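Following: one structure in structure tokens, then a few remarks.
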Amino acid sequence: MSAKDYLAEQQAQAESIVQETADTAKISLISPLNILFLLALSTQLYAYLIHFRHPTSGTRAPGYIHFFKILSTISALATFWPTFIRGEAVRSQGGIGILFAILSSILFIASLTLFAWTASTASPPGRLSVIFGQASPEFVIITGPYQYIRHPTYVSSAGTWMGCIFLLLSPAHVGDAWFHVSVVSLAGLSWLYREAAEQEEAEYRVKATREEVRDKYQEYSTRVKERWAPGVERVI
Numbered sequence: 001m002s003a004k005d006y007l008a009e010q011q012a013q014a015e016s017i018v019q020e021t022a023d024t025a026k027i028s029l030i031s032p033l034n035i036l037f038l039l040a041l042s043t044q045l046y047a048y049l050i051h052f053r054h055p056t057s058g059t060r061a062p063g064y065i066h067f068f069k070i071l072s073t074i075s076a077l078a079t080f081w082p083t084f085i086r087g088e089a090v091r092s093q094g095g096i097g098i099l100f101a102i103l104s105s106i107l108f109i110a111s112l113t114l115f116a117w118t119a120s121t122a123s124p125p126g127r128l129s130v131i132f133g134q135a136s137p138e139f140v141i142i143t144g145p146y147q148y149i150r151h152p153t154y155v156s157s158a159g160t161w162m163g164c165i166f167l168l169l170s171p172a173h174v175g176d177a178w179f180h181v182s183v184v185s186l187a188g189l190s191w192l193y194r195e196a197a198e199q200e201e202a203e204y205r206v207k208a209t210r211e212e213v214r215d216k217y218q219e220y221s222t223r224v225k226e227r228w229a230p231g232v233e234r235v236i
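According to full-length UniProt numbering, the sequence shown is numbered sequentially starting from 1.
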């Protein structure tokens with residue numbers, strides 16, 4: 001084979017790979033699972049930027065909130081990059097990929113549903129403070145998802161990031177750096193959710209604006225012992 005023919009063959013192969021990658025990415029972008037991922041991610045942004053109030057008094061733990069932003073961004077990118085940029089969706093990994101896709105879809109749908117229920121219960125937007133917001137509690141919500149668990153917002157958020165784990169959890173991604181980054185980020189975010197929950201509960205017991213709010217929260221927390229899941233009183 002002459003050098004000219006070899007170069008022509010290599011160019012043809014490169015063009016074929018580029019076209020295949022473009023077609024794969026196009027399919028990946030419009031897949032139902034990836035649409036669910038984008039919806040869940042958009043909900044996270046809406047919750048932090050719009051739905052929850054940012055107190056003028058600032059945050060209780062500036063370091064924690066910066067850590068929260070960094071880990072949330074990393075978790076989103078760790079899923080977005082291999083799924084959308086590289087076009088490697090679990091749909092292409094056979095039966096095991098389909099199983100993980102189903103689990104991921106269930107988590108995304110559950111997360112979106114729980115947040116919608118929580119947001120409608122705690123409406124209008126701005127009624128509750130953002131995570132680690134420095135605001136004295138003024139009321140206690142005991143309806144909607146709050147009658148089953150004390151921190152449905154954090155459960156919803158954790159569900160989104162767990163869905164991202166399953167989206168990446170395929171034979172092609174188990175050893176991938178993005179998968180490990182996503183797992184570490186989820187662990188860090190889970191720890192932050194626990195810290196935020198403990199701080200909020202402590203503020204209800206100490207810094208509530210009125211004694212009746214403190215008493216009502218004490219009665220509520222005695223009745224609803226579950227932080228994260230119905231029937232599970234304490235995990236972390």
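We put the beta carbon where it would ideally sit given N, CA and C, even for glycine. Quantities reported herein were computed from a predicted structural model and do not represent experimental measurements.
Taking 8 Å as the upper bound for CB-CB distance, F108 and T160 are in contact here, some 7 Å apart.
Taking all protein chains in view, the Cβ of A229 is surrounded by fewer than 16 other Cβ atoms within 10 Å, so the residue is classified as exposed.
In this structure, L186 sits away from F179, with a CB-CB distance that is not shorter than 7 Å.
Counting the other CB atoms within 10 Å of its CB gives V232 a total below 16, which places it among the exposed residues. Linking A135 to L38 through their CA atoms gives a straight-line distance of about 31 Å.
Here L114 really is in contact with V155; their C-beta atoms are around 6 Å apart, less than 8 Å. For E201 and P55, the gap between their C-alpha atoms comes out near 18 Å. Going by C-alpha positions, E198 is about 38 Å away from S31. S129 is positioned such that its CB atom lies closer than 7 Å to that of R53.
The segment 65-79 and the segment 135-147 do not touch, with fewer than 3 CB-CB distances between them shorter than 8 Å. Around the beta carbon of L112, 16 or more other beta carbons lie within 10 angstroms, which makes this residue buried. Taken atom to atom, the span from the alpha-carbon of A116 to that of A61 is near 27 Å. Judged by DSSP in its simplified three-state form, T121 adopts helix.
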